[in-house]
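Engineer:
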Amino acid sequence: VDGVSFGLKKSQTLCIVGESGSGKSITSLSILGLIEKPGQIVGGSIQFLGQDLLQLKEKQMQKEIRGKKIGMIFQEPMTSLNPSYTVGFQINEVLKIHHPSLNKKERLERVVYELERVGIPHAGDKYHEYPFNLSG
Numbered sequence: 001v002d003g004v005s006f007g008l009k010k011s012q013t014l015c016i017v018g019e020s021g022s023g024k025s026i027t028s029l030s031i032l033g034l035i036e037k038p039g040q041i042v043g044g045s046i047q048f049l050g051q052d053l054l055q056l057k058e059k060q061m062q063k064e065i066r067g068k069k070i071g072m073i074f075q076e077p078m079t080s081l082n083p084s085y086t087v088g089f090q091i092n093e094v095l096k097i098h099h100p101s102l103n104k105k106e107r108l109e110r111v112v113y114e115l116e117r118v119g120i121p122h123a124g125d126k127y128h129e130y131p132f133n134l135s136g
């Protein structure tokens, strides 16, 4: 992928769309530092909050950036959530890892808030649902 450039202001969301093979996934994976070998970034920079993400170590990307400041929803919705666990359980697990200071009640409230934020109707009822119940 050559010549990719975009800028976002605080709280903006970017959706990358295009034909199959046009570079959507590779662009997104590059931003998050998730390019698998032999793939590589050969030039340019990825500027985020005044720092070049290409200069950060893997541990720093994992601890400070991925899932906290930059997130990605992958193309295949059925592989985004494990069908064996409820939606609430899975989001709660992410919150335990990325926001360890939240207690159980705060995590529950945050799960419901996040489900509402992405437009899931009756979010409070969806906590105990399985991913396949959300389709359609």
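Each residue of the sequence shown is one higher than the one before, counting from 1 in the UniProt record's numbering.
From the three backbone atoms N, C-alpha and C, an ideal C-beta is built for every residue, glycine too.
Quick caveat: nothing in here was measured; it's all calculated off a predicted structure.
Report back the beta-carbon spacing between I123 and E129 to the nearest angstrom; my notes put them in contact at under 8 Å.
Structural biologist: According to the sequence shown, residue 123 is Ala rather than Ile. In fact, because the Cβ distance is near 10 Å, the residues do not count as touching under 8 Å.
Engineer: Taking the alpha-carbon positions, what's the K37 to I65 distance?
Structural biologist: Near 21 Å, if we compare the C-alpha coordinates of I65 and K37.
Engineer: In chain order, what residues of the same chain lie with their CB nearer than 7 Å to the CB of L14, ignoring the 5 residues before and after it?
Structural biologist: Same-chain partners within the cutoff: F6, L8.
Engineer: Can you check whether the CB of G67 is closer than 8 Å to the CB of V94?
Structural biologist: Yes, the pair counts as a contact, with Cβ atoms nearer than the cut-off.
Engineer: State the start and end residues of the unbroken alpha helix (DSSP H) segment that holds V118.
Structural biologist: Element bounds for V118: n/a, residue is neither H nor E.
Engineer: What three-state label does DSSP hand I70 in the structure shown?
Structural biologist: If DSSP states are grouped into helix, strand and coil, I70 belongs with the strands.
Engineer: Starting from T27, trace the alpha helix (DSSP H) in both directions and tell me its first and last residue.
Structural biologist: Element bounds for T27: 24–31.
Engineer: Give me whichever residues DSSP pairs with F48 in a beta bridge.
Structural biologist: Beta-bridge pairing links F48 to Q51.
Engineer: Please determine, among K126, L53, D2, the residue with the shortest C-alpha to C-alpha distance to G33.
Structural biologist: When only C-alpha atoms are compared, the closest one is L53.
Engineer: Provide the residue span of the alpha helix (DSSP H) that contains N92, from first to last.
Structural biologist: Looking at the DSSP string, the run of the alpha helix (DSSP H) that includes N92 is 87–98.
Engineer: Rounded to the nearest angstrom, what separates S11 and S28 at their Cα positions?
Structural biologist: Cα to Cα, S11 sits roughly 18 Å from S28.
Engineer: With distances taken Cα to Cα, identify the nearest neighbour of G3 among S25, G44, I16, K96.
Structural biologist: Ranking the options by Cα distance to G3, first place goes to G44.
Engineer: Going by C-alpha to C-alpha distance, which of G18, V111, K63, L134 sits closest to Q90?
Structural biologist: The candidate whose alpha carbon is nearest that of Q90 is V111.
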